Amino acid sequence: MSHLLVEKGVKPGVALLRLNRPESLNALNRALVAELTDTLVRLDNDPEVRVMVLTGDERAFAAGADIKEMAEDSAVDMLLLDQFQRWDQIKRLKKPLIAAVSGYALGGGCELAMLCDIIIASETAQFGQPEIKIGVIPGAGGTQRLTRAIGKSRAMEYILTGRFFSAKQAESWGLVSRVVPPELYLEEALNLAAEIASMPPIAVQMAKQAVNKAYELSLEEGLHFERKNFYLLFATNDQKEGMRAFMEKRPPTWQGK
Ligand code: CAA
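The letter at position 173 of the sequence shown is residue 1096 when you use this note's numbering, and the numbering goes up by one with no holes.
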């Protein structure tokens, strides 16, 4: 049985993916991660989809990698499986991916949310990297992404103790963009996705690429990358349409070309 529910067209241009292993608080076993990454790559190449939203359920976005599945693995098993290498496919997605987080986002669940471009959190969300409590450390980006997002001192505190932190804390530290009441988090994420999906899609992808480069490149290189993308957008019909529509005081019609 599939542990991932996919709904295309939930809003115009928006695909919704729901992690669906409620009995395990959406623990990310290898089959689920394979299905998730394959589906995201497929939707990334689907012209009907412009933005993707990833969610879990009220109780958990995801409570981490599946501890039961990996508990008896050896280091050689881990090296040969190289299970986290699949997660790099999420990093390479061209289209925006929004996480709608309610309840637990722990370990690999927190890392998965941080791999998304935007996090919208319910007031019930609890984040954390509790791997230290089971004898390991974050393995899917937590030591790097959490540190970049909330700073070294806080990242050390939470990674070395495994303590959880709240949606409000995550918001005040810049890890999530917004915290909303539990009944609104998914709607809020879907509305945001629909708004982004109504923008010119090539410009959206170029903007996403450029923002992500801020984490990879020096300021000089990042500015250079941004400038090249800006100039390149003048090759699109949508740039001509957007600027002409502004001058003609009418709404633009995007072609995605
Ligand atoms: N893996 C496998 N099963 C998990 C799981 C996980 N990460 N998290 C929860 N579950 C299972 C529980 O074993 C339990 O199953 P059973 O009913 O069969 O016993 C079920 O989900 C419900 O969980 P609890 O009964 O524990 O629920 P709770 O409300 O008492 O506690 C919790 C909730 C605090 C989230 C607790 O489940 C917990 O601490 N989970 C583990 C969190 C964790 O350590 N995550 C990191 C995993 S390692 C990792 O992610 C590595 C990486 O960097 C990628």
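No residue lacks a Cβ here, since even glycine has one placed at the ideal position from N, Cα and C.
Quick caveat, the model's predicted, so the values are computed rather than measured.
Remark: C-beta atoms of Q1012 and A1028 do not approach each other more closely than 8 Å. When C-beta atoms of the segment 1045-1065 are compared with those of the segment 1112-1129, fewer than three pairs fall below 8 Å, so the two segments do not count as touching. K1056 has its Cβ nearer than 7 Å to a heavy atom of the ligand CAA. Pairing L951 with L928, the inter-Cα distance amounts to about 14 Å. Contact between E1034 and V1102 does not hold, since their C-beta atoms are separated by about 20 Å, which reaches or exceeds 8 Å. A Cβ-Cβ contact shorter than 8 Å links L1113 with V933. Screening all residues for a C-beta within a distance smaller than 6 Å of any heavy atom in the ligand CAA leaves S947, L948, A950, A986, G987, A988, D989, I990, K991, Y1027, L1029, G1030, G1031, E1034, P1053, E1054, I1057, P1061, G1062, A1063 and G1065, in chain order. I1021 counts as buried, since no fewer than 16 other beta carbons sit within 10 angstroms of its beta carbon. By the beta-carbon neighbour count (other beta carbons within 10 angstroms, threshold 16), M975 is buried. Non-local beta-carbon contacts of A1072 in its own chain, meaning distances under 6 Å to residues more than five positions away in sequence, involve L1098 in chain order.
DSSP places S1121 outside both helix and strand once states are collapsed to three, so it counts as coil. As summarised for the segment 1045-1116, the continuous beta strand (DSSP E) elements at least 3 residues long and confined to that stretch are 1049-1051, 1087-1089 and 1101-1103, given in chain order.
Here M975 carries a strand assignment [DSSP, helix/strand/coil]. In this structure the segment 940-951 lies against the segment 975-994, because at least three pairs of beta carbons, one per stretch, are closer than 8 Å. Per DSSP, the unbroken beta strand (DSSP E) holding K931 starts and ends at L927 to K934. Residue pairing from DSSP leaves Y1138 without any beta-bridge partner.
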